[in-house]
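One structure is given here, and the rest of the page talks about it.
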Amino acid sequence: MHERENKPKRLIRFPTLVERVGLKKGAIEDRLNPASPRYDDTFPKKIKIGKNSVAWLEEEVELWIEQQIQRSRSV
Numbered sequence: 004m005h006e007r008e009n010k011p012k013r014l015i016r017f018p019t020l021v022e023r024v025g026l027k028k029g030a031i032e033d034r035l036n037p038a039s040p041r042y043d044d045t046f047p048k049k050i051k052i053g054k055n056s057v058a059w060l061e062e063e064v065e066l067w068i069e070q071q072i073q074r075s076r077s078v
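When we follow this note's numbering, the leftmost residue of the sequence shown carries the number 4, and every step to the right adds one.
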């Protein structure tokens, strides 16, 4: 079994997302906006957790970071 399969699911809020991915608010919003030239369909999607609240699945954020590392090192 993989380590990720045993790990409990955890949601992270926007300030933690900013800290984890190293991008500012506007850069993250661009990656989430299909109309933006910087749209990234691999970027983790937000999850609605309340009427005015969203979060991201920590596991998806970590996987995206790993993909960015691999992509940058394979060039």
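In this text, a Cβ means the ideal position worked out from N, Cα and C, and glycines have one as well.
Could you check which residue in I68, R74, E65 and E61 has the C-alpha nearest to that of E16? Going by the sequence as given, residue 16 is Arg instead of Glu. With distances taken between Cα atoms, R16 lies closest to E61.
In angstroms, rounded to a whole number, what distance separates the CA positions of V24 and K51? 20 Å
By the DSSP assignment, the beta strand (DSSP E) with G53 in it spans what residues? I50 to G53
Could you say if the segment 26-33 and the segment 52-72 meet the contact criterion of at least three C-beta pairs nearer than 8 Å? no
Are there 16 or more other CB atoms within 10 angstroms of the CB of R76, so buried, or fewer, so exposed? exposed
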